[in-house]
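One structure is given here, and the rest of the page talks about it.
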Amino acid sequence: MMIPVRCFTCGTVVGEHWEEFKARAKEGDEDPAEVLDELGVNRHCCRRMMVSHTDLVDVVSPYQ
């Protein structure tokens with residue numbers, strides 16, 4: 001799995017929030033914007049990267 005460690009635009013470390021964001025927002029339980037607010041991710045570039053990131057490992061190699 002590829003975890004986004006830093007924001008591609010500003011370089012802020014966002015990897016520490018990825019697992020919780022994925023668990024809460026990607027599963028469809030909560031609104032992604034509200035989850036990012038609660039996690040303290042405020043910059044637009046970081047928010048965009050977190051919302052648009054896709055785990056390609058699950059798509060490319062579905063057989064484990």
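Here the sequence shown stands for residues 1 to 64, where the numbers follow the UniProt record's numbering. Heads up, the beta-carbon is just placed ideally off N, CA and C, and yes, glycines get one too.
Proximal residues to GLY11 (C-beta, below 6 Å), its chain only, five neighbours per side dropped
none
Among CYS45, MET50, ARG6 and CYS7, nearest to GLU20 - alpha-carbon criterion
MET50
Span separating the alpha-carbon of HIS53 from that of ASP37
17 Å
Candidates CYS45, GLU34 and ILE3: which alpha carbon is nearest TRP18's?
ILE3
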